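See structure below.
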Amino acid sequence: MLTLRQAVKYLVAVAAAVTCTVLGYAMGVDRSDLRRPVLVLAHDVLPGQVLESDDLEVVRVASDPTLAAISETRQSGVLGRSVRWPTAAGTLVTEAILGPTDWPPAGRAIVTVTVPRARAPVELDLGAHVLVLPLGASGEGQDRGAAVMGVTASAAPPPLALATVIGVSSPDAVGVQAMSLLVTTENAIRIAPLSTAVALVVVSPTT
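Quick note on the numbering used here: the sequence shown kicks off at 124 and runs consecutively.
Have a look at this one:
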């Protein structure tokens with residue numbers, strides 16, 4: 124029968140052996156890891172922004188030529204080049220996103236509206252699809268919005284446009300926010316004269 128001291132020594136030896144086995148397995152996995160280091164954007168970037176080292180991070184991804192990701196070893200060839208359109212943090216850096224500014228796309232325009240807190244959902248965020256609704260002369264934005272959504276449709280003016288939110292400022296002292304919307308050029312011309320007299324309603328992307 125093992126004494127207490129012998130039992131402790133035995134358990135220590137077993138634990139050490141298990142640890143060595145696990146470490147050996149992990150090292151083997153690392154050696155067989157077929158992922159390669161590539162560049163991604165460290166944060167959101169704007170069209171025309173020239174990339175610097177702080178704008179890039181390195182991640183390891185599966186070796187897949189269809190990703191067209193730029194390798195870490197080619198970082199020097201990326202620095203100093205500009206981004207074609209707004210691109211989110213974590214996006215793989217590829218030749219497709221680099222080059223002269225191509226924003227907004229052909230046939231599209233960016234228009235800014237100012238919206239009080241009560242005239243846009245609090246959940247509104249970048250990428251949201253919204254209907255831009257004109258307010259009446261007396262400012263009855265809530266009633267008009269309800270009308271467009273079918274409550275009293277016959278009394279409501281038609282929406283000005285369907286838009287995508289691409290920029291949202293912080294609210295000012297009275298809760299007013301400036302929002303940049305991506306719309307067709309034709310709709311931008313319709314919205315611009317009423318940019319301070321609209322309400323936004325979030326809708327499905329398939330609307």
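From the three backbone atoms N, C-alpha and C, an ideal C-beta is built for every residue, glycine too.
It should be emphasised that the depicted structure is a prediction, and the values quoted were computed from it without experimental measurement.
Query                                                                                                                                                                             : Result
Could you please give the first and the last residue of the uninterrupted alpha helix (DSSP H) stretch that includes threonine 211?                                               : For the record, residue 211 in the displayed sequence is alanine; it is not threonine. Run containing alanine 211: none; DSSP gives neither H nor E here.
What is the rounded straight-line gap between the Cα of proline 280 and the Cα of proline 223?                                                                                    : 40 Å
Tell me whether the segment 292-301 and the segment 223-241 touch, counting them as touching only if at least three CB pairs, one residue from each stretch, are closer than 8 Å. : yes
Is it buried or exposed, aspartate 178, if we count other Cβ atoms within 10 angstroms and call 16 or more buried?                                                                : buried
Expressed to the nearest angstrom, what Euclidean distance is found between the alpha-carbon atoms of threonine 210 and histidine 166?                                            : 9 Å
Identify which residue in Arg313, Leu254, Ile312 has its Cα closest to the Cα of arginine 242.                                                                                    : Leu254
Could you compute how far the alpha carbon of leucine 258 sits from the alpha carbon of valine 184?                                                                               : 50 Å
Smallest Cα separation from threonine 307: which of Val321, Ser327, Ala229?                                                                                                       : Ala229
Let me check understanding here. Comparing Cα to Cα, which of Asp187, Gly171, Leu305 lies closest to arginine 158?                                                                : Asp187
Can you tell me which of the three DSSP states serine 186 falls into?                                                                                                             : coil
According to DSSP, is isoleucine 233 part of a helix, a strand, or is it coil?                                                                                                    : strand
Starting from threonine 308 and walking both ways along the alpha helix (DSSP H), at which residues does that stretch end?                                                        : 308-314
Measuring only the C-alpha atoms, how far is isoleucine 312 from valine 181?                                                                                                      : 43 Å
Would you give the residue range spanned by the beta strand (DSSP E) that arginine 159 belongs to?                                                                                : 159-164
Taking C-beta to C-beta, are valine 291 and leucine 215 nearer than 8 Å?                                                                                                          : no
Going by C-alpha distance, which of Pro316, Thr319, Gly250 is nearest valine 326?                                                                                                 : Gly250
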